[in-house]
Structure formats: structure tokens, C-alpha cells
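In our numbering, the protein residues as written are 60 to 215. Step one of this worksheet: look at the structure below.
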């Protein structure tokens, strides 16, 4: 009978630790909020939900790391990472120069879709435009939140 040796996944432990630290940062940041009276669910509720999710992910990663015997990881490719970072850079640049929220979200959506392997760039730009417009209308008009305005948003 052969005994299988379990190897502890060190990368999994590091990921679990980073998730736990991130959960702690979210909770700490939530405690620094100064809020006047609120009725019902206040703005501190969502950070608690996010931190709880991060803590659960941390525990799950830690359990899997100590179980060992996980699947072999794929070698990362830089193109998807660069596409997403480029999309985020485009968002920052467009908003910085006054291009507006909708075009920024449109480009970010198309860049992220391309990073995940989709090659229908014109369709992705159209989908991003529709989603960006819907998000803008919901947040700016329905919830009365201010989003970065550009020439396109001034039409609404």
C-alpha cells in the first residue's frame, strides 16, 4: 500500500492571508465612518457583508491549502492582465479629461471581455454602451448620485 503525502499549498496560504487582511482593512475602514442618525439599514451594512465574504473566502482558501493535492495551476499570461489594466487606465484617463462615465464604462467592458477571450469588439462596445447608459441613468437620475459627466451625459 502506497501512502500519499499531502503537500501544503503555500500560495493558497498566502492568498488566504491576503484575503483575511483585506477583510480586516474593510472592517477597520468601516469603523472610521462618522454617520449621523440613520433609520433601518445604514451605510455600515455593506462593508460588513463584503468583509464577511472576504473572510469566508479566506477560510475556504486556507482549508484547501492545508488539504493539499490541488490541481496544477496554469501559467499566467500577461495579455489579459494588460487588457484589463489598459481598460482601467482608459477609465481614469477619460474621466480625468472630462470624457464621462458612459464612454469610460463602454471601453472598460470591451477591454475586460477581450481579456476573457471574446473577440467581438464592436458588439462588446455596444453592450458596454448599453450597460454604461443603464448604470448612469439608474445612479444619476433614479438615485440622484453624481457621476462624472461628459458630453454624452449632458444629453440626458
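Backbone N, C-alpha and C define an ideal beta-carbon position, used for all residues, glycine too. Remember, it's a predicted structure, so these values are computed and weren't measured experimentally.
### Neighbourhood of residue 60 by C-beta, 7 Å cutoff - its chain only, sequence neighbours within 5 removed
Mapped onto the chain shown, residue 60 falls at position 1. Low confidence applies to residue 60: its pLDDT is 46, below 50, so where it sits in the model is not reliable enough to give any reading.
### Task
Report the three-state DSSP secondary structure of residue 131 (helix, strand or coil).
The count along the chain shown starts at 1 and reaches residue 131 at position 72. In this structure, residue 131 counts as coil in the three-state DSSP scheme.
### Query
So, helix, strand or coil for residue 106, using DSSP?
Against the chain shown, residue 106 aligns to sequence position 47. In the displayed model, residue 106 falls within a helix according to three-state DSSP.
#### Entry: CB-CB length for residue 106 against residue 94, believed under 8 Å
On the chain shown, position 47 is the one that residue 106 refers to. On the chain shown, position 35 is the one that residue 94 refers to. Actually they do not touch by this definition, with Cβ atoms about 12 Å apart.
### Message
Short of 7 Å in beta carbon distance, which residues of its chain neighbour residue 75, apart from the five on each side in sequence? Order them along the chain.
### Response
Taking the chain shown and counting its residues from 1, the one referred to as residue 75 is at position 16. Here the set comprises 117, 120, 121, 124.
### Query
CB-CB under 7 Å to residue 62, same chain, minus the five flanking residues each way: which ones, in chain order?
Taking the first residue of the chain shown as 1, we reach residue 62 at position 3. Only weak support is given to the placement of residue 62: the predicted model assigns it a pLDDT of 48, under 50, and the value that follows is read from those uncertain coordinates. Correct list: empty, nothing qualifies.
### Task
Return the chain-ordered list of same chain residues with a C-beta closer than 7 Å to the C-beta of residue 216, the five sequence neighbours on each side being excluded.
Lying before the first or after the last residue shown, residue 216 is absent from the chain, which here runs from 60 to 215.
### Task
Check residue 101 in the structure and name its three-state DSSP category.
Taking the chain shown and counting its residues from 1, one reaches residue 101 at position 42. Looking at residue 101 - three-state DSSP - the assignment turns out to be coil, as it is neither helix nor strand.
### Message
Considering only the alpha carbon of each residue, which of 191, 142, 164 lies closest to residue 178?
### Response
For the purposes of this step, residue 178 is identified with residue 119 of the chain shown, where counting begins at 1. The shortest C-alpha separation from residue 178 is found at 142.
### Residue environment, residue 206, which counts as buried when at least 16 other CB atoms sit within 10 Å
In the chain shown, the residue the question calls residue 206 occupies position 147. Counting of Cβ neighbours within 10 angstroms places residue 206 among the buried residues, the total reaching 16 or more.
### Query
Near residue 212, what residues of its chain come up, given a Cβ to Cβ distance below 8 Å and the 5 sequence neighbours on each side ignored?
Counting from 1 along the chain shown, the entry for residue 212 is found at position 153. The answer, listed in chain order, is 159, 160, 161, 195, 199, 206.
### Spatially closest choice to residue 68 from 215, 90, 127, 170, by CA coordinates
Locating residue 68 in the chain shown gives position 9, counting from the first residue. Out of 215, 90, 127, 170, 127 has the C-alpha closest to the C-alpha of residue 68.
### Whether residue 166 touches residue 146 by CB criterion (7 Å)
Working through the chain shown from its first residue, we reach residue 166 at position 107. Working through the chain shown from its first residue, we reach residue 146 at position 87. Yes, the pair counts as a contact, with Cβ atoms nearer than the cut-off.
### Task
Starting from the Cα of residue 139, find the closest Cα among 172, 155, 197, 131 and give me that residue.
By 1-based counting over the chain shown, the position of residue 139 is 80. When only C-alpha atoms are compared, the closest one is 172.
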